[in-house]
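For the record, the sequence lines run as chains Z and V. Using this note's numbering, you'd call the opening residue of the first sequence number 36 and step up by one each time. Using this note's numbering, you'd call the opening residue of the second sequence number 136 and step up by one each time. Comments concern the structure below.
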Amino acid sequence: MDNQGIVTAGQKDYFRNLDIWLKSQSLIDIDVRGLIAEHFHAAFVEAQIHHQKHILELPIDEKCREVYKTVSWHVWYLAYRLHARGEMELALGAISSGLKTLNSFLLHEAPNDACLDEPTLKLIGTMVANELETLADHGIAKNGLYLSFKAARTMKSSREFKVQSIQSSNF
Amino acid sequence: MSNFCQEYRPATLSEVSGLLKDIDKQFANFEPRQKPHAPDGLTNSTSPEVCSYLETVLGGEQS
Numbered sequence: 036m037d038n039q040g041i042v043t044a045g046q047k048d049y050f051r052n053l054d055i056w057l058k059s060q061s062l063i064d065i066d067v068r069g070l071i072a073e074h075f076h077a078a079f080v081e082a083q084i085h086h087q088k089h090i091l092e093l094p095i096d097e098k099c100r101e102v103y104k105t106v107s108w109h110v111w112y113l114a115y116r117l118h119a120r121g122e123m124e125l126a127l128g129a130i131s132s133g134l135k136t137l138n139s140f141l142l143h144e145a146p147n148d149a150c151l152d153e154p155t156l157k158l159i160g161t162m163v164a165n166e167l168e169t170l171a172d173h174g175i176a177k178n179g180l181y182l183s184f185k186a187a188r189t190m191k192s193s194r195e196f197k198v199q200s201i202q203s204s205n206f
Numbered sequence: 136m137s138n139f140c141q142e143y144r145p146a147t148l149s150e151v152s153g154l155l156k157d158i159d160k161q162f163a164n165f166e167p168r169q170k171p172h173a174p175d176g177l178t179n180s181t182s183p184e185v186c187s188y189l190e191t192v193l194g195g196e197q198s
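Structural data, given as structure tokens:
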């Protein structure tokens, strides 16, 4: 699958989950849909520009686009935009829909159908929301969101995973 | 950028392809900062299993 396909499918799946959330909240009037469309696409463009800067700034060997990265950053920029408009309820929906999307990717990773549990997702979502509000010292932003799923993916897919003692860590 | 930004739908494959090409052009002369705090060996990749799932999300759109 090429980069365009990964990026397109990632935002398509995010949009689908966001649409499900909006319908579940009965937020289907034309003004809300227009607002979401405007900011969904603008946030998507921001995330792609940020991705380009990211791979040019860091010595990254890009075998192909990493969908956790593209969707995590899309979620952040969308929530940030909606929050800046005073639409915190929509921002929270953008975050929860994004977490659902990212967790569905994790679910499909080999070797089993493990993914993050609800309390962990709630904690991640709360910390992203804190970052948007006045509790940034208790929050995480786009990179923290990405790393939450990157770390989970790495543990899940590692065939040679062994529990490391603290003493053997470099940190 | 195409008018997809005004519509309540996700971007299509061809719109994303156009956007990524535009961004590539914008950053053709980008100068990285000198000492990023990053180790060598960082990689980006999406696993074959997740790619298979994403293929189903794409549906009829050709990748």
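C-beta: ideal position from N, C-alpha, C; glycine also. Remember, it's a predicted structure, so these values are computed and weren't measured experimentally.
At least one C-beta of chain Z is nearer than 8 Å to the C-beta of V/A146. Between V/N164 and chain Z, the shortest Cβ-Cβ separation is not below 8 Å. A direct Cα-Cα distance of roughly 20 Å separates V/V185 from V/L177. Within the DSSP secondary-structure output, Z/E97 pairs in a beta bridge with V/N179. Chain V places a beta carbon closer than 8 Å to that of Z/K47, counting this residue as a contact.
Sequence-distant partners of Z/A129 (beyond 5 residues in either direction) whose C-beta falls short of 8 Å from its own C-beta, in its chain, are L53, V110, L113, A114 and L117.
Between Z/L70 and Z/H76, the alpha-carbon positions lie close to 10 Å from each other. Between Z/T43 and V/L193, the CB-CB gap stays under 8 Å.
Every unbroken stretch of the beta strand (DSSP E) spanning 3 or more residues and falling wholly within the segment 64 to 125 of chain Z is given here in chain order: 95 to 97. In this structure Z/I41 is in contact with Z/R100, their Cβ atoms being roughly 4 Å apart against a cut-off of 8 Å. In this structure, Z/F50 sits away from Z/S107, with a CB-CB distance that is not shorter than 8 Å.
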